[in-house]
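*Asks:*
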Amino acid sequence: GIQVEQSPPDLILQEGANSTLRCNFSDSVNNLQWFHQNPWGQLINLFYIPSGTKQNGRLSATTVATERYSLLYISSSQTTDSGVYFCAVERAGGTSYGKLTFGQGTILTVHP
Amino acid sequence: NAGVTQTPKFRVLKTGQSMTLLCAQDMNHEYMYWYRQDPGMGLRLIHYSVGEGTTAKGEVPDGYNVSRLKKQNFLLGLESAAPSQTSVYFCASEVTPRGTQYFGPGTRLTVL
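Line order of the protein sequences matches chains W and Z.
Using the working numbering, you'd call the opening residue of the first sequence number 1 and step up by one each time.
Using the working numbering, you'd call the opening residue of the second sequence number 1 and step up by one each time.
1) Note down, one range per segment and in chain order, each beta strand (DSSP E) of at least 3 residues found wholly within the region 23 to 73 of chain Z.
2) Along chain W, which residues have their Cβ under 9 Å away from the Cβ of L45 of chain Z?
3) State the DSSP-derived secondary structure class of Q37 of chain W, mapped to helix, strand or coil.
4) Strictly under 8 Å for the Cβ-Cβ distance: is E52 of chain Z near chain W by that measure?
5) At a CB distance below 9 Å, what residues from the region 32 to 43 of chain W approach chain Z? Give them in sequence order.
6) Report the option in Z:L109, Z:L45 and Z:K14 whose CA atom is closest to the CA atom of Y33 of chain Z.
7) Measuring CB to CB, does Q6 of chain Z end up less than 8 Å from T86 of chain Z?
8) Which residue marks the beginning of the beta strand (DSSP E) containing A61 of chain W, and which one marks its end?
9) Is I46 of chain Z near the ligand PLP, going by C-beta to nearest heavy atom under 7 Å?
10) Here's the rule: buried if 16 or more other CB atoms are within 10 angstroms of the residue's CB, otherwise exposed. What is Q3 of chain W?
11) Exposed or buried, S93 of chain Z, counting other C-beta atoms within 10 Å across all chains shown (16 or more means buried)?
12) Check the C-beta distance from L59 of chain W over to T20 of chain W and give it rounded, since I have them as a contact under 8 Å.
13) Check whether the Cβ of N30 of chain W lies closer than 8 Å to any Cβ atom in chain Z.
14) According to DSSP, simplified to helix, strand and coil, what is E79 of chain Z?
15) Between A92 of chain W and V60 of chain Z, what straight-line distance do the alpha-carbon atoms span, to the nearest angstrom?
16) Could you give the residue range of the beta strand (DSSP E) that holds V95 of chain Z?
17) What are the residues that DSSP puts in a beta bridge with Y85 of chain W?
18) Which one of W:Q14, W:T66, W:S82 and W:V89 has the shortest CA to CA distance from T100 of chain Z?
19) Between the Cα of V95 of chain Z and those of Z:V88, Z:F103 and Z:Y89, spot the shortest distance and give me the residue it belongs to.
20) Quick check on V88 of chain Z - is its C-beta less than 8 Å from some C-beta in chain W?
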């Protein structure tokens, strides 16, 4: 199956700092999503971004499909950004059923 | 509009007992998914459904069964629970397979 690697595994920031999270995948994809899991366990979809660039407030994401990676940018981080960030992909080809393969996540801790 | 709900939130079972986890969504989504999340890992797909009356195996289906008798409900069953099934179980749904998956709050299951 497709491999998804996220880096760094852990990231500690002071409030106000910027950060970049990376997701590498081993095969072509037709579906890539970024999720945030807050400290209470709730998973929230941040972006659906199989290619291109999107922005939503302080967050933005870029996927370079031809080079098989995606980046999630967090600017002016806040303590509420803490949690685990997951990248999830679905390999291209065949019937698309939304079967996502998740990376192991980046644990982000933002200190006040 | 409650989104995706899961019942129960917590459960403790003894080895060999059975139980059913219920996922309900009120967004009229066709696609529904069951994942499990183990400590320090991303989510892994157990089973999924592309519409009422359909089910299919995901990445880790052994020991689980599912049913989708109604469009809004997706049930996950454990016929004979094992300690290896101790995990947090998440349900998700989406309107199309290339879009945004919406997650429930999770069910924390412990098998003794």
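In this text, a Cβ means the ideal position worked out from N, Cα and C, and glycines have one as well.
*Replies:* From the atom records:
1) If we require 3 residues or more, the beta strand (DSSP E) runs fully inside the region 23 to 73 of chain Z come out as 31 to 37, 43 to 49 and 65 to 67.
2) Neighbours of L45 of chain Z in chain W, taken as residues whose beta carbon is under 9 Å from its own, are K99, L100, T101 and F102 in chain order.
3) Reduced to three states, the DSSP call for Q37 of chain W is strand.
4) Taking Cβ atoms only, chain W never reaches closer than 8 Å to E52 of chain Z, which makes this a no.
5) So the list reads Q33, F35, Q37, W40, G41, Q42 and L43, given in the order they occur along the chain.
6) Selected option, being the one with the closest Cα: Z:L45.
7) Contact check for Q6 of chain Z against T86 of chain Z fails: the beta carbons are separated by 8 Å or more.
8) Unbroken beta strand (DSSP E) run through A61 of chain W: L59 to V64.
9) In the structure on display, the ligand PLP does not appear, and there are no ligands present to speak of.
10) When all chains shown are included, Q3 of chain W counts as exposed.
11) Residue burial is scored here from C-beta neighbours: S93 of chain Z has at least 16 other C-beta atoms within 10 angstroms and is therefore classed as buried.
12) Not quite, the Cβ-Cβ distance comes to about 11 Å (not below 8 Å), so this is no contact.
13) At a cut-off of 8 Å, the C-beta of N30 of chain W has a neighbouring C-beta in chain Z.
14) When secondary structure is reduced to three states using DSSP, E79 of chain Z falls in the coil class, being assigned neither helix nor strand.
15) As the crow flies, the alpha-carbon of A92 of chain W is around 20 Å from that of V60 of chain Z.
16) The continuous stretches of beta strand (DSSP E) do not include V95 of chain Z, and DSSP gives it neither H nor E.
17) Answer is W:H36 and W:T106.
18) Between T100 of chain Z and the set W:Q14, W:T66, W:S82 and W:V89, the nearest pair of CA atoms involves W:V89.
19) It is Z:F103.
20) At least one chain W Cβ lies under 8 Å of V88 of chain Z.
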